[in-house]
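Visitor: Dropping a structure here in structure tokens format, bear with me for questions.
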Amino acid sequence: MKSLKAEASSLADPEEQLKIINHHSAIIEEIPDFADRLSDINLFPLKPTGIDIFQMNVGYMCNMTCKHCHVDAGPGRDEIMTKEIFQYCLDALDGSEIDTVDLTGGAPEMNPHFRWFVKEVSAMGKHVIVRSNLTILTTNKYNGLPVFFKKHGVEVTCSLPFYSKYRTDRQRGKGTYQKSVEALKALNKLGYGKEDTGLMLNLVYNPVGAFLPGDQTEIETQFKKELKRKHNVVFNELYTITNLPISRFLHFLLMSGNLDDYMEKLVQAFNPAAAEGVMCRNTISVGWDGTLYDCDFNQMLEMKISEHTVQHIRDFDEISLNNRDIRINQHCFGCTAGAGSSCGGATT
Amino acid sequence: MDESYYKTGDLKKFGNVREFQEKLGDKFFDYYGEVFEEGALTKREKALIALAVAHAVQCPYCIDAYTTESLETGASEEQMMEAVHVTTAIRGGASLVHGVQMMNKVKDLSI
Ligand code: SF4
Ligand code: SF4
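Residue numbers (the numbering used here), protein chains in the order written: chain S, 12 to 359; chain V, 25 to 135.
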């Protein structure tokens, strides 16, 4: 599997993606505007509640090419955050009360400045979360990272689509499940995921197909039971994430003929409480080139932050950012379906 | 003309059965909703039972609905297939156990 960009697919173009989720079929044309649904519950325009999480996408390069990837990441993606942009992030964080720095990608570990940045930012007393795909931690170049994570108290949040080989490998490629288990065992050995060590190891579950995630607690119970039974692996929390209809997941929906049904499903499951808690309200997303976005999804759709506030991390201004209107579109229905969905799992 | 008795889109119209008998329809759907709420059994366990029964009654709508529900509630392929084997075992067993009746009759009739 290649990225949409490498295949020169028309779907690599964010404009094309937005066109599809707004106008692809008669059924989709009839779907209400997300903005109207927010207006119905007095949430429009959508406003931030403050910035608690500083999420940085440090590059789209990845050792994997998962079928559902909303980043369209892959080995051939060369958009990588430079040291200069990292430094702007440190400068922004230095004077701010933001407590949590969330590093994502691609595979964030592949950025050449990754270790340097983690050291610097954790020395500032910030809480660092790294979003790891697990398989990268089994490669020769990166298998020393778990020890490094432990040293700097990094919280590790890993993707594991399912507790079975069949479903995990279908989504993320052959051999992924076995490598993921290997990486989880290595993390467990260092104390990650174990009670009372304070070393947080969380898993991210997202449905392997055109269906919604069920109850987070029930799925967590299942994962805990099965991973323990099959591999003696333990972890702290499981976050359920809904696949948003963009990028490669959108490609899958189109190719499999599931798009109309999936969009209808998301809309039918619209939950006002989940809308209250969408993550863009307490997160800021920094792109690999320093451009600011409301969230990682908007980043992939190239929907830059409101033009009435600062556009680049070098001009970071928390007060101005907290007054912005969040930019929304039809993909946002993915964050408000059922129990809600965010990088930290269900929101209700 | 569509020659199929079963149409995928009809599943979404299930609620329309109220149109011809509202009171009974409402009662059924209220009851149905409550049956599938979390109780002594989890939603996942109920979805798996429903999936097994759907195979016993061979209802394509129910198979469609409870395959999705099983996936959504976090059941694995293995669990889903085991549920179908439970159906198969009971259906097969229900036939085979009547073999005893046949044997009894053979013995009754034989010298
Ligand atoms: S989903 Fe994660 S691991 Fe998979 S290709 Fe995308 S960034 Fe890489
Ligand atoms: S997609 Fe982004 S902007 Fe839209 S609701 Fe989700 S977090 Fe907010």
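Glycine included, every Cβ here is placed at the ideal spot set by N, Cα and C. Every value quoted in this text rests on a predicted model; they were computed, and no experiment measured them.
Just confirm the distance between the C-beta atoms of S/PHE308 and S/ILE257, as a whole number of angstroms; I'd bet it's less than 8 angstroms.
Guide: One-based indexing of the first sequence puts residue 308 of chain S at position 297. One-based indexing of the first sequence puts residue 257 of chain S at position 246. Confirmed, Cβ separation roughly 6 angstroms.
Visitor: Which residues, in chain order, does the stretch 80-113 of chain V contribute to contact with chain S at a C-beta distance below 7 angstroms?
Guide: Against chain S - using a Cβ distance shorter than 7 angstroms - the residues of the stretch 80-113 of chain V are THR92, LEU95, GLU96, THR97, GLY98, SER100, GLU101 and GLU102.
Visitor: Beta-carbon of S/PRO218 versus every beta-carbon of chain V: anything under 9 angstroms?
Guide: By one-based count along the first sequence, residue 218 of chain S stands at place 207. At least one chain V Cβ lies under 9 angstroms of S/PRO218.
Visitor: With distances taken from each beta carbon to the nearest heavy atom of ligand 1, which residues come in below 7 angstroms, in chain order?
Guide: After applying the 7 angstroms Cβ criterion, the set is S/CYS73, S/MET75, S/THR76, S/CYS77, S/HIS79, S/CYS80, S/VAL82, S/ALA84, S/GLY85, S/GLY116, S/GLY117, S/ALA118, S/ASN144, S/SER170 and S/ARG183.
Visitor: Identify whether S/GLU166 lies in helix, strand or coil by the three-state DSSP scheme.
Guide: Counted from its first residue, the first sequence places residue 166 of chain S at position 155. S/GLU166: strand per DSSP, three-state reduction.
Visitor: Kindly indicate if chain V contains any beta-carbon less than 9 angstroms away from that of S/GLN233.
Guide: For this step, residue 233 of chain S is matched to residue 222 along the first sequence. Answer yes: the Cβ-Cβ gap between S/GLN233 and chain V drops below 9 angstroms somewhere.
Visitor: Could you run through the stretch 156-182 of chain S and flag, in chain order, every residue whose CB is less than 8 angstroms away from some CB of chain V?
Guide: The stretch 156-182 of chain S vs chain V, Cβ under 8 angstroms: PHE173, TYR174, SER175, TYR177 and ARG178.
Visitor: Could you check which residue in S/LEU198, S/GLU131, S/THR150 and S/THR232 has the C-alpha nearest to that of S/MET121?
Guide: Position 110 of the first sequence, counted from the start, is the residue given in the question as residue 121 of chain S. It is S/THR150.
Visitor: Check each residue of the stretch 52-70 of chain V: if its Cβ is closer than 9 angstroms to any Cβ of chain S, include it; give the result in chain order.
Guide: The residues in question are GLU62, THR66, LYS67 and ARG68.
Visitor: Output yes if chain V places a C-beta closer than 9 angstroms to the C-beta of S/PHE246; else output no.
Guide: Walking along the first sequence from the start, residue 246 of chain S turns up at place 235. Judged by the 9 angstroms Cβ criterion, S/PHE246 is not in contact with chain V.
Visitor: Going by DSSP in three states, S/LEU114 sits in which element: helix, strand or coil?
Guide: Stepping through the first sequence from its first residue, residue 114 of chain S is reached at position 103. If DSSP states are grouped into helix, strand and coil, S/LEU114 belongs with the strands.
Visitor: One question on the structure: do V/MET104 and V/LEU65 come within less than 9 angstroms of each other, judged by their Cβ atoms?
Guide: What you label residue 104 of chain V is simply residue 80 of the second sequence in a count that begins at 1. What you label residue 65 of chain V is simply residue 41 of the second sequence in a count that begins at 1. No.
Visitor: Is S/ILE316 helix, strand or coil when you go by DSSP?
Guide: Here residue 316 of chain S is taken as the residue at index 305 of the first sequence, counted from 1. Looking at S/ILE316 - three-state DSSP - the assignment turns out to be coil, as it is neither helix nor strand.
Visitor: Could you tell me which chain V residues have their CB closer than 7 angstroms to the CB of S/ILE230, listed as they occur along the chain?
Guide: Counted from its first residue, the first sequence places residue 230 of chain S at position 219. Near S/ILE230 (Cβ distances below 7 angstroms), the residues of chain V are GLY98.
Visitor: For S/TRP299, does the count of other Cβ atoms within 10 angstroms reach 16, so buried, or fall short, so exposed?
Guide: Numbered from its first residue, the first sequence carries residue 299 of chain S at position 288. It is buried - the Cβ of S/TRP299 has at least 16 other Cβ atoms within 10 Å.
Visitor: Tell me, which residues are paired with S/MET67 by DSSP?
Guide: Numbered from its first residue, the first sequence carries residue 67 of chain S at position 56. S/LEU114 and S/VAL297, per the DSSP bridge assignment.
Visitor: Of the choices S/ALA37, S/LEU332, S/ARG335 and S/ALA284, whose alpha-carbon is the least far from that of S/ASN53?
Guide: Mapped onto the first sequence, residue 53 of chain S falls at position 42. For the residues S/ALA37, S/LEU332, S/ARG335 and S/ALA284, the minimum Cα distance to S/ASN53 belongs to S/ALA284.
Visitor: Should S/ILE38 and S/ASP271 be called a contact, given that it needs their Cβ atoms to be closer than 9 angstroms?
Guide: Residue numbering aside, residue 38 of chain S sits at position 27 when the first sequence is read from its first letter. Residue numbering aside, residue 271 of chain S sits at position 260 when the first sequence is read from its first letter. In this structure, S/ASP271 lies closer than 9 angstroms to S/ILE38 by Cβ.
Visitor: Starting from the N-terminal end, write out each residue whose C-beta falls within a distance shorter than 6 angstroms of any non-hydrogen atom of ligand 2.
Guide: Having a Cβ closer than 6 angstroms to some heavy atom of ligand 2 are S/VAL289, S/MET290, S/CYS291, S/ASP305, S/CYS306, S/PHE308, S/ASN309, S/ILE337, S/ILE339, S/HIS342, S/CYS343 and S/CYS346.
Visitor: Roughly how many whole angstroms lie between the Cα atoms of S/THR187 and S/ALA118?
Guide: By 1-based counting over the first sequence, the position of residue 187 of chain S is 176. By 1-based counting over the first sequence, the position of residue 118 of chain S is 107. Distance between the alpha carbons of S/THR187 and S/ALA118 is about 14 angstroms.
Visitor: Are the Cβ atoms of S/VAL245 and S/ASN199 separated by less than 9 angstroms?
Guide: Locating residue 245 of chain S in the first sequence gives position 234, counting from the first residue. Locating residue 199 of chain S in the first sequence gives position 188, counting from the first residue. Yes, they are a contact pair.
Visitor: Relative to the C-alpha of S/ILE96, which candidate in S/GLY268, S/GLY345 and S/ARG325 has its C-alpha closest?
Guide: On the first sequence, residue 96 of chain S is found 85 positions in, with the first residue counted as 1. For the residues S/GLY268, S/GLY345 and S/ARG325, the minimum Cα distance to S/ILE96 belongs to S/ARG325.
Visitor: Does the beta carbon of S/GLY351 sit closer than 9 angstroms to a beta carbon anywhere in chain V?
Guide: What you label residue 351 of chain S is simply residue 340 of the first sequence in a count that begins at 1. No, its Cβ sits nowhere closer than 9 angstroms to a Cβ of chain V.
Visitor: Go to S/VAL139, then tell me how far its beta strand (DSSP E) extends in each direction, as first and last residue.
Guide: Numbered from 1 along the first sequence, position 128 holds the residue referred to as residue 139 of chain S. That run of the beta strand (DSSP E) goes 138-143.
Visitor: Which of the three DSSP states, helix, strand or coil, is assigned to S/HIS323?
Guide: For the purposes of this step, residue 323 of chain S is taken as residue 312 along the first sequence, with counting starting at 1. Here S/HIS323 sits in strand by DSSP.
Visitor: Mapping the DSSP letters down to three states, classify S/VAL82 as helix, strand or coil.
Guide: Within the first sequence, the letter at position 71 stands for residue 82 of chain S. Coil, per DSSP.
Visitor: Within 10 angstroms of the Cβ of S/LEU171, are there 16 or more other Cβ atoms? Answer buried if so, exposed if not.
Guide: Locating residue 171 of chain S in the first sequence gives position 160, where the first residue counts as 1. Per the 10 Å Cβ criterion, buried.
Visitor: Helix, strand or coil, according to DSSP, for S/MET135 in the structure here?
Guide: In the first sequence, residue 135 of chain S corresponds to position 124, counting from 1. Coil.
Visitor: Counting pairs of Cβ atoms below 8 angstroms between the stretch 220-237 of chain S and the stretch 55-75 of chain S, do you hit three or more?
Guide: As far as the Cβ criterion goes, the stretch 220-237 of chain S does not touch the stretch 55-75 of chain S, which means the pair count is below three.
Visitor: By Cβ distance, which residues of its chain are closer than 7 angstroms to S/ASP305, with the 5 residues on each side in sequence left out?
Guide: Counting from one through the first sequence, the residue named residue 305 of chain S turns up at place 294. Only CYS291, SER296, ILE316, ILE337 and ARG338 meet the Cβ criterion.
Visitor: Name the two residues that bound the continuous beta strand (DSSP E) containing V/LEU48.
Guide: On the second sequence, residue 48 of chain V is found 24 positions in, with the first residue counted as 1. Note, V/LEU48: premise wrong, no beta strand (DSSP E); alpha helix (DSSP H) at 46-59.
Visitor: Who are the neighbours of S/GLU224 on chain V, taking C-beta pairs under 9 angstroms?
Guide: Looking up residue 224 of chain S in the first sequence gives position 213. Note that residue 224 of chain S corresponds to Pro in the displayed sequence, not to Glu. Simply GLU96 and GLY98.
Visitor: Return the bridge partner residues of S/TYR216 from the DSSP annotation.
Guide: The sequence position of residue 216 of chain S within the first sequence is 205, counting from 1. Note: S/TYR216 sits in a beta bridge opposite S/THR251.
Visitor: Three-state secondary structure (DSSP) at S/LEU265?
Guide: In the first sequence, the residue the question calls residue 265 of chain S occupies position 254. In the structure shown, S/LEU265 sits in a helix (DSSP, three-state: H, G or I).
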